[in-house]
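> Questions regarding the structure given below will be posed in turn.
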Amino acid sequence: MKSRALRITRLACALGALGVSLSAHAQYGGHDACLENAPYDSNATPDSGLGSPYINGCIRALSDQRAAVLLPSALEGAGPAPGDNSLRRHAWGFLDQNGRLAIPPIFEAVRDFRHGLAAVKWQGLWGFIDTRGRMAVRPQFHAVQDFAEIGLAVATIDGRKELIDRQGKRVGEPLDESVASLHLQDGVPALATVEYKLEYRSNTGERRYGDSRTQLTTAFGKGLYVAMSDEGRYGLVDQKWNWVLEPVYEDISTSRDEGVLATAYGPRGAVLLDAEGKPIGEDQGYRNLSPLGKAFWSAELGRGNYVVLNAAGEPVAKLKSDEAYGSQRYGDILLYPSGGRLMALAPGRGEPLELGAGLSVAADDEGYVLFSNAERVPVGLLTPTGAWLHGDTAPAGLDEVGRMEVRQGKLWLFKEGGLLNVLDAEGRALLKPEAVAAAQEMALKQLPLDIAGGPLGLLAHGYCHCGSETGAGLVLADGSIAADPSWTAVIPLDGADGYDDYLVPQQSDLKAAQLRYAAETADGMRLLDAAGKPMDLPVQQHIGAFRHGYALAYAGGVSRMIDRDGKTYALPDYFETEVVAPGVVRFLKTAAEDARWGLYDFVAGKELSPPLYQHIGDFQDGQAIASLGPDRVGVVDRQGQWIVPASHHAAERVNAQLWKVQQAGPQEDEYERPAALFNARGRALTAFLPRLQTGVDEDGAIMAGDGTHRWIVSPDGSDTLDMEDASYSRLGDWMAIRRAARSGYLNAQGQWQIAPGSAVGGTFRGSPARALLTDTDGARVIDAQGKTVTALPSGEWSWPLGSTTLLRRYYANDRQKTDYTGLDGKARLTVDGYASGYSEGFAVSRLSSNAMRAIDGKGALTGPAFDVLGPLSEGLAPVYTDSAYGYANNEGQLAILPAYDVVSRFQGQRAVVSTMDMSMIIDPTGRQVARVAMECGVRALYGSHNQRLWPLTLPKRCRK
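For the sequence shown, our numbering assigns the number 1 to the initial residue and increments by one for each residue that follows.
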């Protein structure tokens, strides 16, 4: 008894010399049961053989012949322990394999022994002890991991991760700030998995990390960002991450539409936030805020009342409950009933507009709303800007409207006999009387391009207007017409490729004055300017569409090019020409099937490239795709010089400065053909990868990748950021980068022997050392330098600990199979079922019934079936049957009857087993060597003869 007390005193003094207090008590789980929760698969994996939702709690599993145990603290004695089952004033120590107290319970927390050392927590800091309880590394770290086989461990001090040796000295280079965690496993070299912090990178290259007290969620307003504090509250920060709106809100929601206010919910209710981050309506007590289109907000007050706010958050109307529920929105126009009258709210108006009584909506289109009276006669029209046209302000013939249609932002009103007029958003009638009259005789068609200040439409002969004296023409922007009786048709020469009157007009960079048209007459075609006036160009037999500022014209048997001013340019006598760039045509000299394309500059009057190309496309920014034949595709400039060599299968334009180029050669699946990104200087920006996809992010940068490797490319192709397998999202001037975990292998000096990569790695084992590595290319066995030793067939491969063979599990003919393969890739054995690796001559297979049986060395099932059957260890295997765990021998006979809720494997002729009330160390016969259970409200350790070994005394009220 004196020797035990002496050992405890010596260890306490040693700890005291480190400058720590001995008054700390253990951190505990807050329960007195001897089972602790563990990850659980309802169908136990054959390789683990566990399957229990618990692990041993009062005595942990043995490791290095030591088992962690939580007992009344040796530093305070059992007397102060409260005896109320709370485990207060308990501490952690270790038992040896015979259940003797090898290291007294004095630590706040411990980890299991690994390679002769165990992590212990003292006074809030972690260090390491050896198996005799001597301090090997003094407590100085805020967190630690177990030592790996290479003699290194990962420790955390002041938030920094570092590698330490068995003396606690730092080893290797400091870890990068971006590293969130580093996990070491056994093997030489050691498998090391790196997990990365959420990284924020600014346009200027500044970096911040997501483990700080602030995390960005989205960009907002004028250089602001919605951010979350470490307490999970939201506010706004500026570009330097300073709070401009304190994080007091439960949520902040933003819109992708520019200029739209954000909503925030905080201690004073719901508020709106403007672009500068200032709260709007903070003193109003709004319960909820909902957008009503882009022009209004609905703010809920108490008792079912509402306030309508404009886009700036200013109140414009108060609505009672019945008015709010009777409201309807048409575009950005809001209608609601009030006192028998119909009211309207329109963007830009500071107060409601009274429309009147007895009105109903007859039609609406993009914010234009037509109203009719009780007799269903149209009597009023409300425009998107809130112009109320009725009575004297109504357009002529409004009561005759039978149909309305919005074209290019303008409202076209039709009656049964034809067009009435065209209105703009302010309600102004755009067509002059002569244009309206002409529209009664002619068909009025929309134009292919939507250009401000351009003509409103085309006057054309309809099926029943062949006798019109007006002639075809244009309806101009001022509402007048430009027409001539001699014109049989007017053809738009811009944006007219595949033009259809029923298609939505396209946008264009052209100005209204640049538009050109062709008028068909009995003598030929006349070139018209944007106002529909004939230009100084003789009548042509044909005028084609303008491309790159030029059009092909034909007259008197001669083809010429014309510009928008009507100036002509001569062409050689080619069989076919097409404009592919400003002032440049591609040409075919003959009609032969194998004729090649060349390039000709008709402004300078010289040939740029002889007929070389099987195909050459349109030029953009001076470059075009060209082909010399199959697998001879590249990119050329206007002088015919190759920018990207003609050695590729195909190419496509990504933008004006970037090309996606496919690799040449045979390819079974074209979808898998490797491709890479090239810039306008011909430099490859990415590797050639199968399934390479490109896209554009919200800042215009180009995203390229195949799902496992990604690049961010500047729009002009001058800069490329290799993201490897990281994903990212844009947050204004910042980019949030999320990197996947990567695995590599470290040597004993803390240096990367095999650099981290995206492959899934296994631990090295055996001599010579080998490891299993799996990536997108499949599975392979590698040596300690990372070189492939054996490439494995396709499938899901594993290498269970203790197994001398690799395993591949798969289905064949609807049956589960398991292959056993040597490290040389040669098949050894195939068995039915989902099987484990071999241990002591036997493996375990899970059958289709989910029961488990042993497999002998020839692959034959042997022995009885169990609910759970683990691998043999020292002649005994854990089994689960009859709702309890026990052990079976190598013949399948129950050697230790099932009586436990959780068990461990045998090591050194000892195993740890537990029930809800106690944990025990047992020998191979099932005899108790030691146990820990609750006695008188504290945990107590008992020996093989049930004698109490610890605590030395019980609380006074329990002493007998």
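Cβ coordinates follow ideal geometry from the N, Cα and C atoms, glycine included. Values in this document were obtained by computation on a predicted structure and should not be read as measured data.
#1: If we count Cβ pairs, one from each stretch, closer than 8 Å, do we get three or more for the region 708 to 715 versus the region 746 to 756?
#2: Where does N946 land, buried or exposed, given buried means 16+ other C-beta within 10 angstroms?
#3: Should E199 be labelled buried (16 or more other beta-carbon atoms within 10 Å of its own) or exposed?
#4: According to the neighbour-count rule (16 or more other Cβ atoms, all chains shown, within 10 Å of its Cβ), is L69 buried or exposed?
#5: Between which two residues does the alpha helix (DSSP H) containing A439 stretch?
#6: So what does P384 bridge to, in DSSP terms?
#7: Do you know offhand how far A581's Cα is from R560's?
#8: Spatial neighbours of Y745 within its chain, please: CB distance less than 8 Å, with the 5 preceding and 5 following residues excluded, ordered by chain position.
#9: For the beta strand (DSSP E) containing E607, name the first residue and the last one.
#10: Taking only the alpha-carbon atoms, compute the straight-line gap between D484 and Q514 and give it to the nearest angstrom.
#11: Specify whether the region 719 to 726 and the region 690 to 698 touch according to this definition: at least 3 beta carbon pairs, one from each stretch, less than 8 Å apart.
#12: Once you ignore the five residues that flank P534 on each side, which residues in its own chain have a CB closer than 8 Å to its CB?
#13: Identify whether P364 lies in helix, strand or coil by the three-state DSSP scheme.
#14: Please confirm whether A646 has its beta-carbon closer than 8 Å to some beta-carbon of chain D.
#15: Please work out which residues of its chain come closer than 7 Å, Cβ to Cβ, to T214, disregarding the five sequence neighbours upstream and downstream, and give them in chain order.
#16: If the criterion is Cβ atoms closer than 8 Å, does the pair G235 and I280 meet it?
#17: Pop quiz: K320 and N305 are said to be a contact at Cβ under 8 Å. What is the actual Cβ separation, rounded to whole angstroms?
#18: According to DSSP, V369 sits in a beta bridge with which residue or residues?
#19: Find out if the Cβ-Cβ distance for the pair R653, E672 is shorter than 8 Å.
#20: Three-state secondary structure (DSSP) at K956?
#21: Measuring alpha carbon to alpha carbon, tell me which of E276, S253 and V271 ends up nearest W243.
#22: Using the three-state DSSP reduction, which class does N946 fall into: helix, strand or coil?
#23: Quick one: what does DSSP say H25 is sitting in, helix, strand or coil?
#24: Rounded to whole angstroms, what's the CA-CA distance from L62 to S873? Just pull it up for me.
#25: Just verifying my parser: in three-state terms, what is the DSSP assignment at A324?
#26: I want to know whether the region 900 to 909 touches the region 930 to 942 - three or more CB-CB distances under 8 Å.
#27: Unbroken alpha helix (DSSP H) runs of length 4 or more, entirely within the region 293 to 346: which are they?
#28: Would you mind giving the Cβ-Cβ distance between A34 and D917, rounded to the nearest angstrom? I have them listed as a contact below 8 Å.
#29: Determine the direct distance from the alpha carbon of L792 to that of Y728, and round the result to whole angstroms.
#30: According to the neighbour-count rule (16 or more other Cβ atoms, all chains shown, within 10 Å of its Cβ), is T915 buried or exposed?
#31: Expressed to the nearest angstrom, what Euclidean distance is found between the alpha-carbon atoms of V308 and L335?
#32: What are the partner residues of N56, as DSSP defines its beta bridges?
#33: Would you grab the beta carbon distance between G269 and G285 for me? Rounded to a whole angstrom, and I think it's under 8 Å.
#34: Quick one: grab the DSSP three-state call for Q662.
#35: Taking all protein chains shown into account, decide if G629 is buried (16 or more other Cβ within 10 angstroms of its Cβ) or exposed.
Result, derived from the coordinates:
#1: no
#2: Exposed, by the Cβ-count rule.
#3: buried
#4: A small fix is needed here, since residue 69 is Val in this sequence, not Leu. Classification for V69: buried.
#5: P433 to E441
#6: The partner list for P384 (beta bridge, DSSP) is empty, contrary to what the question assumes.
#7: 16 Å
#8: G187, P189, A190, L191, A192, W752, Q753, I754, G761, F764, A771, A784 and G786
#9: K606 to Y613
#10: 21 Å
#11: no
#12: Within the same chain, P534 has close Cβ partners A519, R526, L527 and L528.
#13: According to the sequence shown, residue 364 is Asp rather than Pro. Three-state DSSP puts D364 in a strand.
#14: Included in the structure is just one protein chain, with no chain D present.
#15: A227, S229, V237 and W241
#16: no
#17: 6 Å
#18: The partner list for V369 (beta bridge, DSSP) reads D364 and L382.
#19: One thing to note: R653 has its Cβ no nearer than 8 Å to the Cβ of E672.
#20: helix
#21: E276
#22: coil
#23: Low per-residue confidence applies at H25: pLDDT is 40, beneath 50, and the placement is therefore not dependable, though the value from the model is reported in the following sentence. It is coil, neither helix nor strand.
#24: 14 Å
#25: A324: helix per DSSP, three-state reduction.
#26: In short, these stretches do not touch, since the Cβ pair count stays below three.
#27: 321 to 325
#28: Note on identity: in this sequence residue 34 is Cys, with Ala being the wrong assignment. With a Cβ gap of about 6 Å, C34 and D917 count as contacting.
#29: 34 Å
#30: buried
#31: 12 Å
#32: Beta-bridge pairing by DSSP links N56 to L35.
#33: Contact between G269 and G285 holds, since their C-beta atoms are separated by about 5 Å, short of 8 Å.
#34: strand
#35: That one is exposed.
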